[in-house]
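Under our numbering, the sequence shown has 1466 at position 34, and the numbering climbs by one with no breaks.
All C-beta atoms in this analysis are idealised placements derived from N, C-alpha and C, irrespective of residue type, glycine included.
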Amino acid sequence: MGRLSVEGDRQVYFEHYAGGPGGQQTVVLSHGWGMGCRVWDNTVARLVDAGHSVVTYDHRCCGQSDKDFADVSIDALGADLAALCQHLALDRPVLNGWSLGGAVVVDAATRLGAAVGGLVLTGGATPRYTQGEGFGHGGQAEDVAATVAALRADRVNFLKSLYFDGVFAKEVGEDVKGWCWRIALQASSGADASLGALAQLDQRSAMAELSCPALVAIGGQDGVVVPEIGRYAAGCLSNADLVEFEDCGHAIFLEDPDRYHGALLDFLAGVSS
1433 MGRLSVEGDR QVYFEHYAGG PGGQQTVVLS HGWGMGCRVW DNTVARLVDA GHSVVTYDHR
1493 CCGQSDKDFA DVSIDALGAD LAALCQHLAL DRPVLNGWSL GGAVVVDAAT RLGAAVGGLV
1553 LTGGATPRYT QGEGFGHGGQ AEDVAATVAA LRADRVNFLK SLYFDGVFAK EVGEDVKGWC
1613 WRIALQASSG ADASLGALAQ LDQRSAMAEL SCPALVAIGG QDGVVVPEIG RYAAGCLSNA
1673 DLVEFEDCGH AIFLEDPDRY HGALLDFLAG VSS
């Protein structure tokens, strides 16, 4: 584990797991809004057991990263991820982003260019999260503002409702829901602005310019990032495969772990071949 300075003396926390013999692909995991790297623990284990090296980290204001960042925009989060890849001298890593992390990995991929080996969007909130000109999917910008206001009014109960009632379509058990809630409670209120930034996010042009292999994985019952957004993303990317988990919600890597990790490992095998 380590810490990387990215804004003055403020730092983000990361973990770097060495791969097995054979030099398999390096995968960087970027979590969703207000979460932390711990949510990827099962995925880290699957990837390391398959011989891949893995980097996982906490966004600004989340997990074990510093909590008082001045800038938590998608641009800032994407710059952090690109800087982390460069700091660790990763060789053509695959960037995998869940939810808001999907927007982060797209931003980072545009910064890294040909240095990126592949892109995975896991319920990614990109290229847009709200409706706009030429894009009729998702909610309205006002909905995002109302969500942020509700969060700031009653953080603990908002997050409990989100993870006990909103994220999962398949039953994962109370322990998993509580685990996710506890991870989310580690984030400071400073992270709220990154959620608010999704209201105006538009990565359509940036996404269309990415040529690396991509995997778009979506839950057919996702009520957080509607599946139409993922389908649009798969069409926007020039070299993408789409995998739909029809009975899953927003956290497919926890709801259908065997199928999700199988699809991810198959994609990585294709990237490295």
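Start-to-end residues for the beta strand (DSSP E) that takes in residue i
i	result
Trp1530	1526–1530
Ser1462	1458–1462
Leu1674	1672–1677
Val1648	1646–1651
Which of helix, strand or coil DSSP assigns to residue i
i	result
Val1703	helix
Tyr1489	strand
Ala1515	helix
Glu1439	strand
Tyr1449	strand
Thr1558	coil
Phe1567	strand
Leu1633	coil
Val1552	strand
Gly1694	helix
Gly1605	coil
Val1599	coil
Val1576	helix
Val1504	coil
Gly1495	coil
Gly1434	strand
Val1480	helix
Val1444	strand
Cys1612	helix
Backbone CA spacing between residue i and residue j [nearest angstrom]
i	j	result
Ala1621	Ala1585	The residue you asked about is not Ala; residue 1621 is Ser in the sequence shown. Ser1621 and Ala1585: Cα-Cα distance of roughly 11 angstroms.
Cys1494	Leu1509	11 angstroms
Tyr1692	Pro1645	17 angstroms
Cys1469	Asn1528	12 angstroms
Cys1592	Val1480	Residue 1592 is actually Lys in this sequence, not Cys. Using only the alpha carbons, I get a separation of about 31 angstroms.
Thr1562	Tyr1445	30 angstroms
Gly1681	Gly1556	12 angstroms
Gly1605	Gly1568	34 angstroms
Val1504	Gly1534	15 angstroms
Asp1690	Phe1590	30 angstroms
Ala1666	Gly1566	16 angstroms
Glu1574	Leu1700	38 angstroms
Thr1458	Thr1554	17 angstroms
Leu1642	Ser1626	23 angstroms
Residue burial classification, residue i (beta-carbon count within 10 angstroms, cutoff 16)
i	result
Gln1492	First, the residue type needs correcting, since residue 1492 is Arg and not Gln in the sequence shown. So Arg1492 counts as buried.
Asp1539	buried
Val1588	exposed
Arg1478	buried
Gly1610	exposed
Gln1572	exposed
Gln1443	buried
Met1639	buried
His1519	exposed
Ala1577	exposed
Asp1688	buried
Asp1624	buried
Ala1502	exposed
Ser1637	exposed
Arg1614	exposed
Met1467	buried
Ser1437	exposed
Gly1440	exposed
Ser1670	exposed
Glu1619	Checking the sequence, you will find Ala at residue 1619 rather than Glu. Looking at its Cβ environment, which holds 16 or more other Cβ atoms inside 10 Å, Ala1619 is buried.
Gln1635	buried
Asp1512	buried
Ala1582	exposed
Host alpha helix (DSSP H) of residue i (start-end)
i	result
Ala1665	1659–1668
Val1471	From DSSP, Val1471 is part of no alpha helix (DSSP H); its letter is neither H nor E.
Ser1593	1587–1593
Phe1685	1684–1687
Within-7 angstroms CB hit, residue i to chain B
i	result
Ser1670	Among the chains in the structure shown there is no chain B, since it carries only a single protein chain.
For residue j and residue i, believed in contact at Cβ under 8 angstroms, the rounded distance
i	j	result
Leu1522	Val1486	That belief does not hold up - the Cβ atoms of Leu1522 and Val1486 are roughly 11 angstroms apart, past 8 angstroms.
Val1537	Leu1516	Between Leu1516 and Val1537 the Cβ distance is about 12 angstroms, and since that is not below 8 angstroms, they are no contact.
Ala1541	Arg1524	Actually they are not in contact, since the Cβ atoms of Ala1541 and Arg1524 sit about 11 angstroms apart, beyond 8 angstroms.
Gly1702	Phe1677	Going by Cβ atoms, the distance from Gly1702 to Phe1677 rounds to 19 angstroms, so no, they are not a contact pair.
Val1656	Val1599	6 angstroms
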